[in-house]
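Working notes for the structure below.
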Amino acid sequence: MAETLDLSIYVKRQDDGTAHLDLAIEGIDCAACIDEIEGGLCQLPGVVEARLNYTNHRLAVEWRDGELSPAAVVEELQRLGYKAHPFQARLVEEEETRRAKWLLKCLAVAGFASMNIMLLAVSVWSGNVTDITPEIRDFFHWLAALIALPAVAYAGQPFFQSAMGALRNGRTNMDVPIVVGILLALGMSVVETVNSAEHTYFDSVVMLLFFLLCGRYLDQAMRRKTRAVAGNLASYRAEVAHKIEPNGEVVLVPTAALKAGDRVLVRPGERVAVDGVIISGSSEIDESLVTGETAHRAVRAESQVYAGSMNYNGTLTLHVTAAGKGTLLDEVERLLGNAAAAKSRYVQLADRVARVYAPIVHTAAALTAIAWIVSGASVHDALITAISVLIITCPCALALAVPVVQVVASGALFRAGVFLNAGDAFERLAKVDTIVFDKTGTLTLPTMSVVNAGDLEPALLQAASRLALSSHHPLAAAVAKIAQDRRPYEDVVEEPGRGVRAIVNGIEMRLGSPAFCGAEDLAKEAVSLDPTASAIALLWGDKRACLLVRQALRPDAVEVVTGLQRRGFDCRILSGDRPEAVAPIAAALGIKMWRGGCKPAEKIEALEALKVEGRKVLMVGDGLNDAPALAAAHVSLSPISAADLTQAQADAVFLGDRLEPVQKTIEISRRAHSLMQQNLGIALVYNVIAVPLAFFGYVTPLVAALAMSGSSSLVTLNALRARGRSPVLALAEHATSAEPVLAPQGA
């Protein structure tokens, strides 16, 4: 019982006088549940804020400390019809894994049953127009009933449980009319079988269940995939640090024990555990989490460094400015959670329609029965007519309108090299009017290359590339890629932070920083011509050369960005890289609105400003620093080369070195969203025409069931247009293809 459950150990007291509790919520079936839960909790005295993340079903509740008990929060959730328990990532993942297996079993049962029942139905359909005997037809109907009844009882559990939970708590959802329609169609089929009628509807019922389960399983799988990587930033957080005591002794302590003003030692190969300023030492660090720039930054005394950065080749002594909760890494995690929770409030198109559809359907059926009884009809005739109304308005077409388009369009995206992470991404992508790109690894290729190779002597270039084989520096790795002779020189010495050197045929050869090779003037002149590049120098006897290394633009970046702007999209750049490195990229692409040197919070501020203007922003990024912005944007994309955390926050991930998938994703999504709206329109128009006929008794339950199946078929046929070709050709191609319709989504 909630009254005896002590949740105090899970409550976090905060400095502003509020208490915070994270709960895992069970029983959430659609995004519409968010408003109900948050609205209900905000009515409790003392509650300051309630935020539910639909992706991981994590509820964060804050209240004024002392005005409310955590047990009261759980009790209110139980009153609303939801189970709650303290959020523990491991337990939540175990529960979601169990639910995924259960949904997959339901899907398998529905698929197996629908295939077998369809074979029996085809035999009956063909026999009804030829010479099938009533005895054989009845036998096939009973076989179909024996398959369908247990199959629906098992495979329909997700919908039955959801509908019952909603009704018990005085509310309705999309599953209520679906369950009513399924049970009525199933019941009518049993009655028709008992009465040896020509037609039953077992095949329609089980096929509907199969498609609905496809959509529900895919949505759940997408959310699990996102949570599996994005649960936290632990992989970038150092748990311990080397603290320098006042007497000079170095002690290994937990990061949580550090505070501002302490001194810490960061050795080569360690992650920086705190935000701080370098007191002594020099090194190169990877701070892609902060800037998105994959090139290492040289740091020395008085340089600012941030938690999560990787120290490569020098020992640093830091003065701690922030540790634990106050670090930039903690700020990234906080921004990430807030942004993801905000985006989870998006209510899908089908959910919005379902809010008004269910009560209208049930009201229409009830009014039909009342009207017929008042007009003098028998109770039996009134109920038969009401059943006809319910069957003909069964939301089969409405329920299939969105999931079928999602499946077909997901296949089209797969063929374009795009994988979806979010089931509602189509709707959000279709409304995009502004596209914000990151620079490094997004507009540019993720790997570096030598951009002035054609200007160098071939002998010098090959000597430099062969010497680079012995270096661990990322700039040298780019040079090493063009080596024709893959054998490293012998007796190569690497000087950390400077470069590599060797004696080749009695002549000293060096590759590394311009200062290490005595080529500062040469490097300064070369970089002035290409500010986006980094310089690595070669010394070979009395010869010197400067190699410029940078990430080149994606091959079709200019073409794609120009095409998007021509179509009316407002394209912008928000980058953590240096402004002088962003400017030439923006100029090459014809993008006028750009910013460089942006930190994660600044990117979110820019996106929020666009949101206030009414913009629907597509964020395209790959860096760790882009993850909060990807979560905050209306919709987001990332390349497959992005960090795992970044991919998890994106609504879709694209493959390859080209930028064309971004354009294709928008095109396919707009087409898919249009088809979703058309399908919903078909379903609603069908009801506008069919309901009056059923109301006045012109439609029998048999005709109603046939009309219901016909509308579902029409919706499915229309959805095939999401592949970008005529539905007839799409059907023909699918019929002759060995590729299953769900293969792209599950790949």
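Here the sequence shown stands for residues 62 to 808, where the numbers follow the working numbering.
Built from N, CA and C at the ideal position, the CB exists for glycine as well.
From a predicted model like this one, the values you see are computed outputs, not experimental measurements.
Measuring alpha carbon to alpha carbon, tell me which residue in Leu-600, Ala-713, Ala-171 and Asn-372 is nearest Val-267.
The option with the nearest alpha carbon to Val-267 is Ala-171.
Mapping DSSP to helix, strand and coil, what is Gly-560?
Strand.
Any idea what DSSP makes of Asp-347, helix, strand or coil?
It is a strand residue.
List the residues that DSSP assigns as beta-bridge partners of Glu-123.
In the DSSP output, where bridge partners are listed per residue, Glu-123 has His-81 and Glu-110.
Less than 9 angstroms separating the beta-carbons of Pro-557 and Thr-593?
No. Outside cutoff.
Tell me which residues share the same chain as Val-312 and place their Cβ nearer than 7 angstroms to its Cβ, disregarding the 5 neighbours each side in the sequence.
The beta carbon of Val-312 is closer than 7 angstroms to those of Lys-304 and Glu-306 in its chain, skipping five residues each way along the sequence.
Straight-line Cα distance separating Gly-472 from Tyr-550:
Computed Cα separation, rounded: 50 angstroms.
I'd like the ranges of any beta strand (DSSP E) spanning at least 3 consecutive residues and lying wholly in the stretch 571 to 651.
Contiguous beta strand (DSSP E) elements confined to the stretch 571 to 651 occur at 595 to 601, 604 to 611 and 631 to 635, taking only those with 3 or more residues.
So, at 6 angstroms on beta carbons, what are the nonlocal neighbours of Phe-630 in its own chain, with the 5 sequence-adjacent residues on each side left out?
Excluding positions up to five away in sequence, the list reads Ile-496.
In angstroms, rounded to a whole number, what distance separates the CA positions of Leu-105 and Glu-97?
Distance from the CA of Leu-105 to the CA of Glu-97, rounded to the nearest whole angstrom, comes to 13 angstroms.
Looking at the structure shown, is Ser-787 part of a helix, part of a strand, or coil, going by DSSP?
For Ser-787, the pLDDT reaches just 41, beneath the cut-off of 50, and the residue's location in the model is therefore unreliable, although a value from the coordinates is still provided. In the three-state reduction of the DSSP assignment, Ser-787 falls in the coil class.
Beta-carbon proximity of Met-509 to Leu-536, cut-off 9 angstroms:
With contacts defined by Cβ atoms closer than 9 angstroms, Met-509 and Leu-536 form a contacting pair.
Measuring only the C-alpha atoms, how far is Pro-315 from Ala-384?
So the alpha carbons of these two residues sit roughly 11 angstroms apart.
Quick check: what's the CA-CA separation for Ser-697 versus Trp-203?
Using only the alpha carbons, I get a separation of about 51 angstroms.
Once the 5 residues before and after Ala-606 are set aside, which same chain residues still bring their CB inside 6 angstroms of it?
Result list for Ala-606: Leu-517, Leu-521 and Leu-599, in chain order.
With 16 as the cutoff for other CB atoms within 10 Å, does Ala-227 come out buried or exposed?
Under this definition Ala-227 is a buried residue.
Have a look at Leu-113 and Gln-222 and give me their C-alpha separation to the nearest angstrom.
One alpha carbon belongs to Leu-113, the other to Gln-222, and they sit about 22 angstroms apart.
So, at 8 angstroms on beta carbons, what are the nonlocal neighbours of Asp-683 in its own chain, with the 5 sequence-adjacent residues on each side left out?
If the five residues before and after Asp-683 are omitted, its C-beta is found closer than 8 angstroms to the C-beta atoms of Gly-353, Asp-499, Thr-501, Gly-502, Thr-503, Pro-507, Ser-699, Pro-700, Ser-702, Ala-703, Ala-704 and Thr-707, all from its own chain and listed in chain order.
Residue range of the alpha helix (DSSP H) that Leu-481 falls in?
Leu-481 -> not in any alpha helix (DSSP H); beta strand (DSSP E) instead, spanning 479 to 481.
Beta-carbon proximity list for Val-561, same chain, < 8 angstroms, skipping 5 on both sides:
Counting only Cβ-Cβ distances below 8 angstroms, and skipping sequence neighbours, we find Leu-528, Ala-529, Ser-531, Ser-532, Ala-537, Val-553, Val-554, Glu-555, Arg-571, Leu-572 and Gly-573.
Measuring alpha carbon to alpha carbon, tell me which of Phe-756, Leu-741 and Ser-175 ends up nearest Ile-434.
It is Phe-756 whose Cα lies nearest to the Cα of Ile-434.
What whole-angstrom Cβ distance do Leu-668 and Ala-693 have, given they're in contact under 8 angstroms?
Rounded, the Cβ-Cβ distance is 5 angstroms, consistent with contact.
DSSP on His-534, reduced to helix/strand/coil?
For His-534, the three-state secondary structure derived from DSSP is coil.
Looking at the unbroken alpha helix (DSSP H) that takes in Ala-131, where does it start and where does it end?
Correcting the residue identity first, residue 131 is Pro in this sequence and not Ala. Per DSSP, Pro-131 belongs to the alpha helix (DSSP H) from 131 to 141.
Count the other C-beta atoms from every protein chain shown that fall within 10 angstroms of the C-beta of Glu-664, then say buried if there are 16 or more, exposed otherwise.
The displayed chain sequence assigns Lys, not Glu, to residue 664. Buried, by the Cβ-count rule.
Under the rule that 16 or more other beta-carbon atoms within 10 Å means buried, what is Arg-361, buried or exposed?
Exposed, by the Cβ-count rule.
Whose CA, out of Val-185, Ile-339, Lys-660 and Leu-679, lies closest to the CA of Gln-365?
The option with the nearest alpha carbon to Gln-365 is Ile-339.
Closest Cα partner of Val-673 within the set Gly-602, His-695, Asp-687 and Pro-661:
Distance from the Cα of Val-673 is smallest, within the candidate group Gly-602, His-695, Asp-687 and Pro-661, for His-695.
I believe Asp-687 touches Arg-615 by the beta-carbon criterion, under 8 angstroms. Please report the beta-carbon distance rounded to the nearest angstrom.
Their Cβ separation, rounded to whole angstroms, is 16 angstroms, which puts Asp-687 and Arg-615 out of contact at 8 angstroms.
Spatial neighbours of Ala-121 within its chain, please: CB distance less than 6 angstroms, with the 5 preceding and 5 following residues excluded, ordered by chain position.
Excluding sequence neighbours, Ala-121 sits near Asp-83 and Arg-112.
Taking C-beta to C-beta, are Glu-488 and His-734 nearer than 9 angstroms?
Cβ distance < 9 angstroms, so Glu-488 and His-734 count as in contact.
By alpha-carbon positions, which one of Lys-542, Leu-490 and Glu-345 ends up nearest to Val-511?
Measuring from the Cα of Val-511, the nearest candidate turns out to be Lys-542.
From Gln-75 to Gly-651, what does the alpha carbon distance come to, in whole angstroms?
Rounded to the nearest angstrom, the two C-alpha atoms are 48 angstroms apart.
Selected residue, minimal CA-CA separation from Cys-167, among Gly-142, Trp-124, Gly-217 and Val-183
Checking every option, the nearest Cα to that of Cys-167 belongs to Gly-217.
Name the residue from Arg-559, Thr-505, Ala-525 and Ala-563 whose alpha carbon lies nearest to the alpha carbon of Gln-545.
That would be Ala-525, whose Cα lies nearest to the Cα of Gln-545.
To the nearest angstrom, how far is it from the Cα of Ile-431 to the Cα of Val-440?
Those two C-alpha atoms are separated by around 9 angstroms.
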